[in-house]
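Take a look at the structure set out below.
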Amino acid sequence: RVPCHLPNIQREYQKQHPDHNKTESQRFAQTMIFAIEEINRNYEILPGIKLGYKIYNHCGTMDILRAAMALVNGQKSIIHDNNCTESDTVQAILGHSGSTPTIGMAQMVGRFQIPVISHFATCGCLSNRKEFPSFFRTIPSDFYQSRALAQLVKHFGWSWVGAISSDNDYGNRGLATFMLAAQEEGVCIEYSEAFEQTGPRHEILRIVEIIKQSSSKVIMAFMTHREIKVLVSELYRHNITGLQWIGSDAWITDPSLTAIEGHSALLGAIGFTVTRAHIPGLGEHLKDVHPSHFPDSMFLRDFWEIVFDCSLNMTTEPKRKPCNGSESLRDVQNTFTDVSEFTFTNNVYKSVYAVAHALHNLLTCEESRGPFSNGSCAQPTRIQPWQVLHYLQTVNFTTEEGERVFFDGNGDSPARYELVNLQTTNPGTMDGVTVGTYDAALPKGHQFTMNNVSVIWRGRSKMIPVSVCSESCPPGTRKAVQKGKPVCCFDCVPCSDGEISNATDSIECMRCQLEYWSNKYRDSCRPKEFEFLSYEEIMGTLLALFSLLGVFLTVMTSFIFYCYRETPIVRANNSELSFLLLFSLTLCFLCSLTFIGRPSEWSCMLRHTAFGITFVLCISCVLGKTIVVLMAFRATLPASNVMKWFGPPQQRLSVLAFTLIQVLICALWLTVSPPFPYKNMKTYQEKIILECDVGSAIGFWAVLGYIGLLSLLCFVLAFLARKLPDNFNEAKFITFSMLIFCAVWITFIPAYVSSPGKFTVAVEIFAILASSFGLLFCIFAPKCFIILLRPEQNTKKHMMGKTSNDIRH
């Protein structure tokens, strides 16, 4: 046989870390031995080379550092094969399990560039290559677990949680990373506390009181199994229940939890653990372990005596019965031989193989193609730890179960976890049932997945518990952070008019587009309602009825005048002008109908021009009648021949001339800038007013101004003729009608300007109807009264009479 290189591989154990009671520690040690022996039998890896090992049990941090220094200094171990040689220093150290001891050991050993590989030191701080240049681990860093726990909390909708950790590097750093990741995920931490299992009891009682007073129902516990046992037992004594626990890998699958008081409170807890694996042959190896195979191992002897309650050495344990040598682990069932779930045990197995593959790659190096200076390779008989360190950084292999093993630039393994849920599978025991997975290598949003296994929550409920500071804000509201409290504590404020939120827990409301408005519930935008004066509404119907009533009364008056057209009262002051005036009044009443209904391009042009022309026609007729009264009085004076200048032809011509001027104004208005339909969105925010824009303001006011000018002229002339001596002086009635007409249109201007929306149109229609009814009643009602009810006064003699009695009539 060729001389073999015998690197020492150290394995240490720490009782302060979870899963490291004597049973677990013994299984980890035997797993390392099994892996080394398996490699030594394998001719495909390190052929002709045997690996050696040396295992240290510890009794405190100082012992760990002493053991590390002994290995660094090249302490010789016993070699039973004379054909083997041993290196001056250890080539790799496997351990320690705990983060805090590993930090001190890795910093010291790293100066000598000796690889340190841990299966359980998860502190994210160990990924710092400047401080720990030679550290590797086959368990994912807590950096990934903390972020995975934050995503887990977010996934189940828990935005208000408490956080408790062990008061050591493992707990404090893991908790700090979790809190930072939780903040990124929008999760708020109500409280964060840390304590030690060996700390004063008042610290634990203080934390219990905080949990009791808190409103969050979910607790993220980043601690070891020893701290969780203490905390849960204390909560049980204070009868604090109904909590949903989220656990780190340090305790979530620890089988010893079943033995604690009030362990049922942990039923339904969920958390991450490293991926489980099956190691072929390990189960048989563990069952065949016997103290005779390791006579110098005090550790195995203590384990054996505890399992079988016997003594291998009566001088040390005289109270126990002596072991008879027939004891076998095949006859017992405990966690040592339980091969159903290899999690952290598999990490030990991978650590050994990682060193073996690194040594294999080193020894199979081809000269002139090596990684060292001038392409050199390491000397097989004088391998240095820094050379092994180099090859460990590039190691990449796949286990028999298909798991890929490699280290990234920080010495970390791929972050893959199983999500487990503590459920009762056997009476009185809790087992972790896999309900999901997490793979940090996948794109964000796809890293966390759930399988089809049902989850049992706190109190054996199948409903996901709720833990929020404030209930979710429904659509139609937005979140307003409460002053002095975290962002997860908020009030739900309804969106303002014209704004919506169509999702739960909206941070802000969205404003609707210009032609849209929020609905009643403020969760969607709907088209704004169009407002215009329509026939369907009561106001439009009433105005239309009054307009038709005016037409009816005007037509009835025309019919009466036609029937009594030969009577003096009808013939007085030119009956043609009376009939023309009645026709124009009919048009005035009808033009008010053009203002009702949805504005269109044609209706907008028609309503203003028809109104302007018909009213000028009406006022022109009244003006003509007024002038006739004045001229008739002048004609009664001696030597007066004025009536020949204002006879019927001249009267018709004047009406035509006055009306033609308005027609020309309207034609110019329609040509330059006609009225058009307009969507008014300024008066009301919640609705659109459909109205007619006047187009040219000059044209609009020119039309109104011309009507006002004719009305004023007519009023002045009628006022001058009001005291003429006729018994039936029509100038009086024209004066009253013009007073009403002018009063209506003077008050119309401020009312028109100040009225909003459809009421603007209603005011304009009211002004048209009021002035039209004023003209109809003041001018024609007295005549109809005499025609129908006082026929004896419908004589020429009576109309020319001068008695006071006749004047009163």
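So for the sequence shown, this note's numbering puts the first residue at 1020; every next one is plus one. We treat Cβ as the ideally placed atom computed from N, Cα and C, and that holds for glycine. Quick caveat: nothing in here was measured; it's all calculated off a predicted structure.
Between the CA atoms of residue 1774 and residue 1808 - distance to the nearest angstrom: 43 Å
In the DSSP output, what is residue 1207 paired with across the bridge? 1179
Output the boundary residues of the beta strand (DSSP E) element that contains residue 1795. Not the beta strand (DSSP E): residue 1795 falls in the alpha helix (DSSP H), residues 1777-1808.
With 16 as the cutoff for other CB atoms within 10 Å, does residue 1118 come out buried or exposed? Buried: at least 16 other Cβ atoms inside 10 Å.
Please list, in chain order, all residues of the same chain as residue 1211 whose beta carbon is under 7 Å from its beta carbon, the five residues on each side excluded. The beta carbon of residue 1211 sits closer than 7 Å to those of 1182, 1194 and 1198, all from its chain and outside the five residues before and after it, given in chain order.
If you measure between the beta carbons of residue 1763 and residue 1793, is that distance less than 8 Å? yes
Which residue wins for smallest C-alpha separation from residue 1447, given the options 1291, 1144 and 1285? Out of 1291, 1144 and 1285, 1285 has the C-alpha closest to the C-alpha of residue 1447.
If residue 1608 and residue 1780 are in contact, beta carbons under 8 Å, what's the gap, nearest whole angstrom? Residue 1608 to residue 1780, Cβ: 16 Å. No contact.
Threshold first: 3 residues or longer. Then list the beta strand (DSSP E) segments lying entirely within the stretch 1191-1270, N to C. 1207-1214, 1237-1241 and 1263-1266
In whole angstroms, what is the alpha-carbon distance linking residue 1091 and residue 1419? 33 Å
Mind checking which residues open and close the alpha helix (DSSP H) that includes residue 1469? Here residue 1469 belongs to no alpha helix (DSSP H); instead the beta strand (DSSP E) covers 1467-1469.
What span of residues does the beta strand (DSSP E) with residue 1361 cover, start to end? Looking at the DSSP string, residue 1361 is not in any beta strand (DSSP E), and its letter there is neither H nor E.
Would you kindly check if the distance between the Cβ of residue 1154 and the Cβ of residue 1125 is under 8 Å? yes
Contact check, residue 1803 vs residue 1752, beta carbons under 8 Å: Going by C-beta atoms, residue 1803 is not nearer than 8 Å to residue 1752.
In this structure, what does DSSP give as the bridge partners for residue 1136? 1113 and 1155
Measuring CB to CB, does residue 1449 end up less than 8 Å from residue 1244? no
Can you give me the C-alpha to C-alpha distance between residue 1611 and residue 1492, rounded to a whole angstrom? 52 Å
Report, in whole angstroms, the separation of the C-beta atoms of residue 1439 and residue 1424, which I expect to be a contact under 8 Å. In fact, because the Cβ distance is near 22 Å, the residues do not count as touching under 8 Å.
Chain C beta carbons: is any one of them nearer than 8 Å to that of residue 1626? Checking the listed chains, one finds no chain C in this structure; it contains a single protein chain.
Just reading off the beta strand (DSSP E) that residue 1290 is part of, what are its end residues? 1289-1293
Are the Cβ atoms of residue 1757 and residue 1734 separated by less than 8 Å? yes
Could you compute how far the alpha carbon of residue 1060 sits from the alpha carbon of residue 1309? 21 Å
Could you check the C-alpha separation between residue 1037 and residue 1369 for me, to the nearest Å? At residue 1037, the pLDDT of 32 sits below 50, so the modelled position is not reliable; the number obtained from the coordinates is stated separately. Their backbone Cα atoms lie some 20 Å apart in a straight line.
With C-beta atoms as the reference, is residue 1436 less than 8 Å away from residue 1410? no
Determine the burial state of residue 1047: buried for a count of at least 16 other Cβ atoms within 10 Å of its Cβ, exposed for fewer. buried
Would you say residue 1729 and residue 1638 are within 8 Å of each other, going by their C-beta atoms? yes
DSSP three-state assignment for residue 1445, whether helix, strand or coil: coil
Nearest-angstrom Cβ-Cβ length linking residue 1364 and residue 1050, presumed shorter than 8 Å: With a Cβ gap of about 5 Å, residue 1364 and residue 1050 count as contacting.
Under DSSP, the alpha helix (DSSP H) around residue 1163 begins and ends at which residues? In the DSSP annotation of this structure, the continuous segment of the alpha helix (DSSP H) that includes residue 1163 starts and ends at 1161-1174.
Considering only the beta carbon of each residue, do residue 1538 and residue 1494 sit closer than 8 Å? no
Quick check: the Cα distance between residue 1407 and residue 1400, rounded to an integer number of angstroms? Within the model, the alpha-carbon separation for residue 1407 versus residue 1400 is close to 13 Å.
Work out the CA separation of residue 1712 and residue 1574 for me, nearest whole Å. 33 Å
Can you tell me which of the three DSSP states residue 1368 falls into? Note: residue 1368 maps to helix in three-state DSSP.
According to DSSP, residue 1709 sits in a beta bridge with which residue or residues? Bridge partners of residue 1709: 1698.
Which whole-angstrom value is the C-beta distance of residue 1252 and residue 1215, which I expect to be below 8 Å? Residue 1252 to residue 1215, Cβ: 15 Å. No contact.
Between which two residues does the alpha helix (DSSP H) holding residue 1688 run? 1667-1691
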